[in-house]
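Undergrad: Keeping their order, the protein sequence lines are chains F and L.
Position one of the first sequence corresponds to residue 1467 (my numbering), numbered consecutively onward.
Position one of the second sequence corresponds to residue 235 (my numbering), numbered consecutively onward.
Ideal Cβ positions, reconstructed from N, Cα and C, are used throughout, including at glycine.
Dropping the structure in here first, questions after.
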Amino acid sequence: MGYTLNFAAVWRSFDQLLEGLMLSLGLAVVAILIGALIGLLVAFALIARSGWARRPAAAYVTVIRNLPILVLVLFAYFALPQMGVRLGKIESFVAVLAIYSGAYLAEVFRAGLLSIPRGLTEAGLAIGLTPMQIRTSIIAPLMFRNVLPSLSSTIISLFKDTSLAAAIAVPELTFEARKINVESFRVIETWIVASGLYVATCSLIAALMRFAERRLAVPR
Amino acid sequence: MSKILLEIQGLRKQYGTLEVLKGVDCTMREGEVISIIGSSGSGKTTMLRCINMLEEFQGGHIRLAGEEIGYDHAGATRKRKSEKDIARQRAMTGMAFQQFNLFPHMTALQNVMLGLLKVKKMPRDEAHAIAEKWLDRVGLAGRGGHYPGQLSGGQQQRVAIARAIAMAPQLMLFDEVTSALDPELVGEVLQVIKGLAAADGMSMLLVTHEMRFAYDVSTRVIFMNQGVICEEGDPKEMFVNPKTERLAEFLKTSSFT
């Protein structure tokens, strides 16, 4: 193989890749924050005694988890406008990723909720806390600590899903890499550098999550 | 005689078709220390948990300090009180549990302060002072910064008692508080309860298997059997001369030494 690697063209456009990466991160952060809020509410609904809360929550999780995210992205961007809902590329993608993360995070949170002993709720009730106060002061903080290890892989996976925004021309990392690839013909180099950026970012997220896990661990 | 604090009339409770309380009647005056004894499945814990609505009940009345607990009655029908009302009524009692149930992500001090801050809406420094005072009273001065996981079972149970009693309840409920403890840690917890009864004149209802303790501390003992109160009276009298055969049998099998 007489191919010589030459990164010069990629380095010239490196700023573009970084801008793409920043947008990827921005999309992920906003979508995951909204998704976490959805996930928390849905998780409490999933363990509720009342079927009125449980059934719609279960339906949401089932439907979303059984759809490829690319289908959701294309549906939101191409089909919804036909039905009168017009969103920009970025808004449309963030909305989809938020709804998508909500379903996955709901499952993670639900598992965390189930591992909290019933006795803690009773102790809260016994001192006169309302069920809502118990959720916010006791259950949610404990649940969050319980799920940190599995949260890490879910968040990384959701971050990587931002690459699908390239399908609707959102200028995130994958989209920028494809552009540089087309303009410079340095195919191998471009994708090596883009991959490196993804790996580095994901490692950083994992490290941050491990740090949070250690910081928040309950002393014993 | 002191005022009536707690009145239970015809209390009935069932899980599905299983009837666990079949009409319990009981009156308790302020300052009384009543031990509830009986074999497992006799309904003693369930009765205790009905008083602070950790269990719903299907029939009868519970009145605490003159207030109807849990349900509003109108003629023959009744309606569960609002969640807010029930929370307020629960704060009239304090409860210590068999499994301690301390909040593991909070220090001992934070455990005791939580109710003062969130339920009593006390300013932080006032809550802090009260929490310190009660931790001191249960012999844990200087341990306020420890997390439950860093404390022994006996210490955890004493924090749990401080957490309940710091709320200044009118009645303390103790649900087999020494059953989950290693034998050598039982004494320190019973000592604390004894102190609260003697020094503070706290009204207490205790479900217990510690017959010696029931004998020493209680002003009255209630023996439950198959969902009803089978016999009650002065422990000095009851433990020596049981009137019913069931109690005589129970005392024989339990370790009263």
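1) For the alpha helix (DSSP H) that contains Gln425 of chain L, what are its first and last residues?
2) Give the range of the beta strand (DSSP E) segment to which Met326 of chain L is assigned.
3) So for Gly309 of chain L, helix, strand or coil by DSSP?
4) Please report the distance separating the alpha-carbon of Val1648 of chain F from that of Leu1630 of chain F.
5) Rounding to the nearest angstrom, what Cα-Cα distance links Ile456 of chain L and Gly467 of chain L in this structure?
6) Pro1607 of chain F versus chain L: which residues are under 7 Å apart at the beta carbon?
7) By the three-class DSSP mapping on this structure, what secondary structure does Gln384 of chain L have?
8) Could you spell out where the beta strand (DSSP E) holding Ser269 of chain L opens and where it closes?
9) Which residue wins for smallest C-alpha separation from Ala433 of chain L, given the options L:Glu301, L:Thr251, L:Gly265, L:Gly277?
10) If contact is defined by three or more beta carbon pairs under 8 Å, each pair taking one atom from either stretch, is the stretch 335–353 of chain L in contact with the stretch 361–377 of chain L?
11) For a test of the three-state rule: what should DSSP assign to Leu298 of chain L, helix, strand or coil?
12) Whole angstroms is fine: what's the gap from Gln425 of chain L's alpha carbon to Arg392 of chain L's?
13) Who pairs with Ser409 of chain L in a beta bridge, going by DSSP?
14) Determine the DSSP secondary structure at Lys1645 of chain F, reduced to helix, strand or coil.
15) Over the uninterrupted beta strand (DSSP E) stretch that includes Leu245 of chain L, give me the two end residues.
16) Within the 7 Å Cβ cut-off, does Lys352 of chain L reach chain F?
17) What does the alpha-carbon distance come out to for the pair Leu1503 of chain F and Phe337 of chain L?
18) Given that Ile1604 of chain F touches chain L, what residues does it touch there, using C-beta distances under 7 Å?
19) Across the stretch 1467–1485 of chain F and the stretch 1633–1652 of chain F, are there enough close Cβ pairs to call them in contact, namely three or more that are closer than 8 Å?
20) Hey, Tyr449 of chain L and Pro469 of chain L: beta-carbon distance below 7 Å or not?
21) Can you check whether the CB of Lys256 of chain L is closer than 7 Å to the CB of Val420 of chain L?
22) Helix, strand or coil, according to DSSP, for Thr491 of chain L in the structure here?
TA: This is what the structure gives:
1) Run containing Gln425 of chain L: 417–434, per the alpha helix (DSSP H) assignment.
2) Here Met326 of chain L belongs to no beta strand (DSSP E), and DSSP marks it neither H nor E.
3) Gly309 of chain L carries a coil assignment under DSSP once its states are collapsed to helix, strand and coil.
4) Note on geometry: alpha-carbon atoms of Val1648 of chain F and Leu1630 of chain F lie some 18 Å from one another.
5) If you take the alpha carbons of Ile456 of chain L and Gly467 of chain L, they lie about 7 Å apart.
6) Going along chain L in sequence order, the residues near Pro1607 of chain F (Cβ under 7 Å) are His339.
7) Assigned with DSSP and collapsed to three states, Gln384 of chain L falls in helix.
8) From DSSP, the beta strand (DSSP E) with Ser269 of chain L extends over 267–271.
9) Ranked by Cα distance from Ala433 of chain L, the options L:Glu301, L:Thr251, L:Gly265, L:Gly277 are led by L:Gly265.
10) Flag = yes, the stretch 361–377 of chain L and the stretch 335–353 of chain L touch.
11) Taken through DSSP and simplified to helix, strand or coil, Leu298 of chain L comes out as strand.
12) Each residue's alpha carbon lies about 10 Å from the other.
13) Note that residue 409 of chain L corresponds to Asp in the displayed sequence, not to Ser. Per DSSP, L:Val441.
14) Helix at Lys1645 of chain F.
15) Here the beta strand (DSSP E) through Leu245 of chain L covers 238–249.
16) For Lys352 of chain L, the answer is yes, since a Cβ of chain F falls inside 7 Å of its Cβ.
17) One C-alpha to the other measures close to 24 Å.
18) Simply Phe337.
19) Yes: at least three Cβ pairs fall under 8 Å.
20) Contact flag set, yes.
21) Not a contact, by the Cβ cut-off of 7 Å.
22) Here Thr491 of chain L scores only 49 on pLDDT, less than 50, and its place in the model should not be relied on; the value that follows carries that caveat. Coil, per DSSP.
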